[in-house]
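Protein chains in written order, with the UniProt record's numbering: chain Z, 1 to 760; chain U, 1 to 760.
Even for Gly, the Cβ is constructed at its ideal location relative to N, Cα and C.
The structure appears right after this line, and notes come after that.
2 protein chains.
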Amino acid sequence: MVNEEEMNGSGNLMDFLDEPLPDVGTYEDFHTIDWLREKSRDTDRHRKITSKSKESLFEFIKGLLDAWSGWVVMLLIGLLAGTLAGVIDLAVDWMTDLKEGICLSAFWYSHEQCCWRSSETPFEDRYKCPQWQKWSELMVGQPEGASAYILNYFLYILWALTFAFLAVSLVRVFAPYACGSGIPEIKTILSGFIIRGYLGKWTLLIKTVTLVLVVSSGLSLGKEGPLVHVACCCGNLFCSLFSKYSKNEGKRREVLSAAAAAGVSVAFGAPIGGVLFSLEEVSYYFPLKTLWRSFFAALVAAFTLRSINPFGNSRLVLFYVEYHTPWYMAELFPFILLGVFGGLWGTLFIRCNIAWCRRRKTTRLGKYPVLEVIAVTAITAIIAYPNPYTRRSTSELISELFNDCGALESSQLCDYINDPNMTRTVDDIPDRPAGPGVYTAMWQLALALIFKIIITIFTFGMKIPSGLFIPSMAVGAIAGRMVGIGVEQLAYHNHDWIIFSSWCRPGADCVTPGLYAMVGAAACLGGVTRMTVSLVVIMFELTGGLEYIVPLMAAAVTSKWVADAFGKEGIYEAHIHLNGYPFLDVKDEFTHRTLATDVMRPRRGEPPLSVLTQDSMTVEDIETLIKETDYNGFPVVVSKDSERLIGFAQRRELILAIKNARKRQDGVVSNSILYFTEDQPELPTNSPHPLKLRRILNLSPFTVTDHTPMETVVDIFRKLGLRQCLVTRSGRLLGIITKKDVLRHMAQMANQDPESIMFN
Amino acid sequence: MVNEEEMNGSGNLMDFLDEPLPDVGTYEDFHTIDWLREKSRDTDRHRKITSKSKESLFEFIKGLLDAWSGWVVMLLIGLLAGTLAGVIDLAVDWMTDLKEGICLSAFWYSHEQCCWRSSETPFEDRYKCPQWQKWSELMVGQPEGASAYILNYFLYILWALTFAFLAVSLVRVFAPYACGSGIPEIKTILSGFIIRGYLGKWTLLIKTVTLVLVVSSGLSLGKEGPLVHVACCCGNLFCSLFSKYSKNEGKRREVLSAAAAAGVSVAFGAPIGGVLFSLEEVSYYFPLKTLWRSFFAALVAAFTLRSINPFGNSRLVLFYVEYHTPWYMAELFPFILLGVFGGLWGTLFIRCNIAWCRRRKTTRLGKYPVLEVIAVTAITAIIAYPNPYTRRSTSELISELFNDCGALESSQLCDYINDPNMTRTVDDIPDRPAGPGVYTAMWQLALALIFKIIITIFTFGMKIPSGLFIPSMAVGAIAGRMVGIGVEQLAYHNHDWIIFSSWCRPGADCVTPGLYAMVGAAACLGGVTRMTVSLVVIMFELTGGLEYIVPLMAAAVTSKWVADAFGKEGIYEAHIHLNGYPFLDVKDEFTHRTLATDVMRPRRGEPPLSVLTQDSMTVEDIETLIKETDYNGFPVVVSKDSERLIGFAQRRELILAIKNARKRQDGVVSNSILYFTEDQPELPTNSPHPLKLRRILNLSPFTVTDHTPMETVVDIFRKLGLRQCLVTRSGRLLGIITKKDVLRHMAQMANQDPESIMFN
């Protein structure tokens, strides 16, 4: 980078440091940003534009454009995230079907598209048409039979392995950051951490492609979490178009929060739920301006997706449901039971998954990621194919489980014995006894449930993109549907029991098993992620009616309470801790009685803090200090004796300033005095030219006294987004507390007293 | 209050101050709370309960109950707020109809109930039945005719005046705080201000009763804002049941935030919108825990209201609408025009209303509140009666304007000329030419619009409960419906114009005027209140479909931008400023380049700060200082010469400590030395017994350096909720900044540079 000063010649050498230093303000990888500083840098920029805009019309328009750039970025994010989600949906549809067969009329059609386009077949036969051929039909000419079954089975596994191998190889070679759901990392990034490349172009590209591959391979994972990551990559991409966002890490995070909202919005077709998810679950700093912009981005994304119309039904939502009967108070009991199940499943899943991931990290297992993916895919495919409920894609399964059995429904789950005398209306079908199909479905579902529970634990955390929403919802939906069918049959056969007689007369449609599936899905998702409001709102947007909000809420609350009783951490927080990211959770409350003096460094017995003095250290002294330590910055005191705090100097800025001075300022040598005061200190006559560095001195470092309770310190770190804080007593510097010290202390205290959790 | 120490006798006198002082922690009226302190007090309480709960089962259960009390309070608030809203709705219905007539079969039935219960009349005739008699019918036996009209007119005015007089008298005599909408004050209270009695039982009772009276009197006001106030009163009432909330002003505000959400939830039947309204518009400190609880309270309130079923249609929402046609891109142009109208109306309303309110405050006008209400009511009633669109209640008017003209609709607004050859289906009616009824309606609506615009300016701010949502929405809905009918007729008569030909074929149902009314209502509400996300979500919950969210959002965004261009303040902020409440808005950004040293007191030339020294002042010195100043507290320094800061002592605690010491500690006299150090200072041999007050010294006062930019200081005040902050340089005390200093400075800077608004 060429400094303007360099081109103009030396000029007034002493003043050139008053120019902004090149490169100041960027952070190093895996470092924490200083929110207060980013904010004040943005205000400076803003002030400059405002004052310039009065000078000419051109500057005025430039100012207006700058003010509007936020909305432009939101629009672009919405458009790209919606488009990518649509493309992913279409590609997944096609590739999932490719595992079973191919469309002869046009190989790029999925099964449904193939038959739908071939002729105007009735809705029930939308999966039957001559153009669509299974592999066995195409290769050996046999659509049915044992050998055809084995051939199809084999090709199903082969395709699954191919997709999975491609995916894991792409991730390993091109973008290692594309693996996982991405939400833990995005939470950490949004809280002010720098992970270079995590939201880069390569990650975007590879994550999008591999997401299609892994979802199509039939692994027990979903695309919802990774879609949030993809949307955030889009956000980061568009940030680089505007210096307002690309040069300010704080402003950039506002855009990323909105992008996360857009991601959930397209994942579920739930814009309001997306905004609340970003607010409740992902974001750290969420000013009201961001709320409004997030909403805009989420809406644009949802409408873009709808105009692509990947589900072919012009519905926005992933699982559209419509129930015909209300729920009754007595049903709250099974709903709450489902909530308990969801909480238990959440706890079980988090514990087992974390244990397995820790094992992967610490043992030789972690050295063979490709082999691991291949093995899990093979097991999944081998076990999944024979069971119709695991063979199909998980979202189709959830969709079927959520559905109410209308009169036209041909699914096995709706195989009830009809009363021949009954006049069938389309919607209002009374409860009926279960037929053989339902009983078959019940044990197949039971097997699917066990399989899903076990395989998901091993799948989440492999080196491929993998979301948790869909598998969690699938577990809950299966359990819920089974409970629902159970209650329905119990009520049908025992109308006279007291608990049923008050609300379920014979011949009435009392129980909707689909609703139970939905409640179960909400409970399991809540148990794993500990979402609350956003979960209920997403579910509310799926059903589109306030009618079922009470069952959903009862299940979500129960599930959260049950899960919280076993441990406060959701899966994302657990992964953040597992990976050791410096994340200061807004939700944890710190309630211990420690003081700043207990946490600050230097501890008792440790060497004293590395400090600079305001006017008595030489350039060499400081260079040695910089070489020997790796602190981000150094407090500046009056003198080593008095230790009165003057300010704080950033390491980066110090290095740059000294480098520049040595290069260009005459007379600045190793034993030049370096001073931070306003006036040049008195020096012996023959001493070399001193170096003034007041410009880089932060005169308002954040301080607390040593008696400040740690709960206040934690609050300050959280709310102001500090990097470090100096501890003083009556102006004398005693020590320093960094964000990592705070996190370490919080972890220590939490381990000492795990019981206090119950009362939060 | 009897101190335990007092009962036990003197004991170790020197130690008794280690016990918490009686009465410490309560704030005085019109003072600001210290959020950090409230929070740490709650943590202390919480710690005590946690440690006690390990001692016995009883304490354990007590601890659990304490942890659950938050949910209990929410449940109670939801139930009471829902019930009150239901009762208000029923009472308003009855009393509004009482102005025109009475039900002979049972006088407590409203018009609709009277006819609905009398016989199974068809829906269209629900307002026609013999049991319901107009006053003229009852008194002179004439239902129609000139004299009957005059008699009815006269009685209408008389009832309106009676209701209004009753309302204003009740407010004046029993609860002056019950007037207005209450939202500006609640915003201020939630930001940490104390207004005693504002949320008291009397206010609750009187506001509920007078709200019914003023709404029934036909004044141009709504019940939505006051319902938020009523719900907050409920919240405050239930806080007093639990010491956790009643004794902690910070925790109390969490409950009040949730109560505000419940208030909006019942006002519109929009629980999610209510929570977002509380988050976006009302609340100051809104942790995630509160979000979840608010949602619970809002849901309980909504369901309580629904089980009361005041609208008789088992709908939750105030205005339920169902449209049969989608909207087209070309319609965005009139929608954006409506947004511009909404923004202009918002600006006009705020400016005129504030000017009028200022006039009321400063001139003799303010001395006759009863007369003012009577006059405005008389004018309203006289002008409103002849016009059918202003005679009925405003919510009925809005409801009619929002409605789509179905085939069964008998309203004047749906008087279109039908094609006799057309086969009429119920829902899908093509655009038709307007009949004479529509033309009559158009000019009546135009008159109603002008009347509403003018009268609302004078109504809002009188000494009666008055909400703004409904009148604003009415203005928007009238304008919107008129534009909608205009566009519809334009499209019908000019199918061949380019702008219509692409989407509006002859015989199709292209334009839904009801949708325009809804968009207009959203635009006007947005212009007045500057709500964004919550506004769109409330409207979304009213319509229950994502379909119309884009028109609503386009209008809301345009309206906010247009209105913001003329001034950043919404009506609530404007009233907060008018009343001079110390409200530090989270939304304003402070972008000026001033430093803490420019704002702190003492200014140049002012006498030095009143400080205490740590060990050299006598009791008398301090008593004199307390008498001569009215500061909330005093910084404590080492000595007057060195001015090194040690801590901060609260005025209240000082007074109490000295009073207690004088009463009970032997030897503490006026010239006793008062010291804050750990060890007793060395004193001359014959000096009186000194008084140790280290216990009341806050050893961790919040400090910033004099070089700290004010934008950081403002941020700290906002985010940490400070009362004051000390300014130091290298530990030497330079001055103090209080919340009021910050507010004053912000106001000064905003006045200096009003242009900077445009770029925010």
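- Cα atoms of L90 of chain U and A298 of chain Z: separation of roughly 39 Å, rounded to the nearest angstrom.
- Here the alpha carbons of R41 of chain Z and N248 of chain Z stand approximately 8 Å from one another.
- By the Cβ rule, the segment 179-197 of chain U counts as touching the segment 580-598 of chain U, because three or more pairs are nearer than 8 Å.
- Here S69 of chain Z is not near W94 of chain Z, since their CB atoms are 7 Å or more apart.
- Taking CB atoms only, G731 of chain U has a neighbour in chain Z less than 7 Å away.
- Using a Cβ-Cβ cut-off of 8 Å, K48 of chain Z is close to nothing in chain U; its nearest Cβ partner there is about 11 Å away.
- Membership of W503 of chain U in any alpha helix (DSSP H) is not indicated, and neither H nor E is assigned to it by DSSP.
- Interface with chain Z (7 Å Cβ-Cβ cutoff): L291 of chain U is included.
- By a beta-carbon distance limit of 8 Å, F335 of chain Z contacts A554 of chain Z. Their separation comes to about 5 Å.
- Bounds of the alpha helix (DSSP H) holding C233 of chain U are E224 to C239.
- Within the DSSP bridge table, the entry for Y675 of chain Z names Z:K692 as partners.
- Judged by DSSP in its simplified three-state form, A649 of chain Z adopts strand.
- Close partners of M553 of chain Z in chain U (Cβ separation under 7 Å): L299.
- Bounds of the beta strand (DSSP E) holding V727 of chain Z are Q724 to R729.
- Beta-bridge pairing by DSSP links R601 of chain Z to Z:I736.
- For G435 of chain Z, the CB contacts under 8 Å within the same chain, skipping 5 residues up- and downstream, are D415, Y416 and I417 in chain order.
- Taking all protein chains shown into account, V438 of chain Z has 16 or more neighbouring C-beta atoms within 10 Å of its C-beta and is therefore buried.
- Taking a 10 Å sphere around the C-beta of R293 of chain U, we find 16 or more other C-beta atoms and assign the residue as buried.
- Contact annotation: the segment 252-264 of chain U does not touch the segment 504-523 of chain U, with fewer than three C-beta pairs closer than 8 Å.
- Rounded to the nearest whole angstrom, the CA to CA distance from C504 of chain U to H324 of chain U is 15 Å.
- Excluding its 5 nearest sequence neighbours in each direction, R432 of chain U has C-beta neighbours in its own chain below 8 Å: Y416, I417, N418, D419 and Y492, listed in chain order.
- Proximity of chain U to R593 of chain Z at the Cβ level (cut-off 9 Å) is accounted for by T43, D44 and R47, in chain order.
- The C-beta of S700 of chain U comes closer than 7 Å to at least one C-beta of chain Z.
- Here S216 of chain U is near F163 of chain U, since their CB atoms are less than 7 Å apart.
- At least one beta carbon of chain U lies nearer than 7 Å to the beta carbon of K719 of chain Z.
- Taking 7 Å as the threshold, the shortest C-beta distance from F295 of chain U to chain Z falls below it.
- With a cutoff of 7 Å on beta-carbon distance, V562 of chain Z and S472 of chain Z are scored as not near each other.
- In the DSSP assignment, W132 of chain Z falls within the unbroken beta strand (DSSP E) covering W132 to K134.
- Linking F540 of chain U to L199 of chain Z through their CA atoms gives a straight-line distance of about 33 Å.
- L697 of chain U carries a strand assignment under DSSP once its states are collapsed to helix, strand and coil.
- Beta-bridge partners assigned by DSSP to G633 of chain U: U:Q650.
- By the Cβ test, the segment 607-626 of chain Z is not in contact with the segment 705-714 of chain Z, since fewer than three Cβ pairs between them sit closer than 8 Å.
- Only residues of its own chain outside the window of five on either side were considered, and among them F634, P635, V636, V637, K640, E643 and L733 have a CB closer than 8 Å to the CB of V611 of chain U, listed in chain order.
- About 6 Å separates the CB atoms of V537 of chain U and I272 of chain U; that is less than 8 Å, so the two are in contact.
- Here N403 of chain Z is buried: its Cβ has 16 or more other Cβ atoms, across all protein chains shown, within 10 Å.
- For E711 of chain U, at least one C-beta of chain Z is nearer than 7 Å to its own C-beta.
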